[in-house]
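Worksheet: the structure to be examined is printed underneath.
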Amino acid sequence: MQKTLADSVIVLDFETTGLSPQYGDRAIEIGAVRLEQGRIVDRFQKLMNPGFRISRFIEEYTGITNEMLRREPPCEEVMAEFAGFIEGHHYVAHNASFDRRFLEAELKRAKRTYTGECCCSLLVSRRIYQDAPNHRLQTLVAHAGVARTGSFHRALADAEMTAYVWQSMIERVRSQYGVPVVFFDQMRELSKLSKLYAHRYLSSLAESHERGQERQD
DNA sequence: TGCCAGGCCCTCTTTAGGGCCTT
Numbered sequence: 001m002q003k004t005l006a007d008s009v010i011v012l013d014f015e016t017t018g019l020s021p022q023y024g025d026r027a028i029e030i031g032a033v034r035l036e037q038g039r040i041v042d043r044f045q046k047l048m049n050p051g052f053r054i055s056r057f058i059e060e061y062t063g064i065t066n067e068m069l070r071r072e073p074p075c076e077e078v079m080a081e082f083a084g085f086i087e088g089h090h091y092v093a094h095n096a097s098f099d100r101r102f103l104e105a106e107l108k109r110a111k112r113t114y115t116g117e118c119c120c121s122l123l124v125s126r127r128i129y130q131d132a133p134n135h136r137l138q139t140l141v142a143h144a145g146v147a148r149t150g151s152f153h154r155a156l157a158d159a160e161m162t163a164y165v166w167q168s169m170i171e172r173v174r175s176q177y178g179v180p181v182v183f184f185d186q187m188r189e190l191s192k193l194s195k196l197y198a199h200r201y202l203s204s205l206a207e208s209h210e211r212g213q214e215r216q217d
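Per the working numbering, the very first residue in the first sequence carries number 1; after that it's consecutive.
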């Protein structure tokens, strides 16, 4: 896959029956948006039937009920369709290790493959928004001052708001560190560094850009 | 019916423990 701009990715979110696909939990909703140069140009949202009744806790947590899922298509059918939506793109998710486990498990059941990379907006936010009271999505939406697009804990609204938080973090890299073009791989690298080295890394990106500009001049 | 995980990150750390995040 060629070098990707940080603001041209898929941002996705799953609602699920629990925390662990290894213990039988399944996806019940997928929501995703496609960013192109910082603008949402496409959306994907589907409920899916996991094949068993979901707990009352999940009904209350997400607002998705057993009645709503009763006539929805099975996970395999929805995820086969989603494989086409995400194909050829990297993706971002809030606490991506959680969504990655469900994406891999559900795509495997649907007999589909995906070869892109993921980046965690939660880990990036711990470097970019070190002054936030915490790094839950709901808190970051308020902290970054981005639009609330719907109910929290519904997949498409969470994906949209994650996309806006992601975009605001890219803007901060641009404005605070003077890095005009930010790549997906650079955000991934940033997410893996300690807070101290994250600051140094961002400063080095700006210096690299300035050296590039000098060579052009 | 009720239960389960896992990776990151900080510190009173590294021969560890516990909070944060996601559903």
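C-beta atoms are modelled at their ideal positions from N, C-alpha and C, and glycine is treated no differently.
Note that the coordinates shown come from a computational prediction; the quantities given were computed from them, not determined experimentally.
Asked	Found
Own chain partners of Asn-95 with C-beta closer than 6 Å, once the 5 adjacent residues on each side are dropped	Leu-122
Test item: CB-CB of Gly-24 and Asp-13 under 8 Å	no
Stretch-stretch touch, CB-based, cutoff 8 Å, three pairs: the segment 75-90 with the segment 40-55	yes
Beta-carbon spacing of Gln-176, Leu-205 below 8 Å	no
Buried or exposed by the 16-neighbour rule on C-beta atoms within 10 Å, applied to Phe-57	exposed
Whole beta strand (DSSP E) elements within the segment 28-63, 3-residue minimum	39-47
Length of the line joining the Cα atoms of Ala-198 and Val-11	23 Å
Sequence-distant residues of the same chain with beta carbon closer than 7 Å to His-143, five excluded per side	Tyr-129 and Ala-132
Proximity of His-90 and Cys-118 at Cβ, strictly below 8 Å	yes
Inter-residue spacing [alpha-carbon to alpha-carbon] between Leu-156 and Arg-43	8 Å
Whole-Å CB distance - Glu-15 paired with His-153, under 8 Å assumed	7 Å
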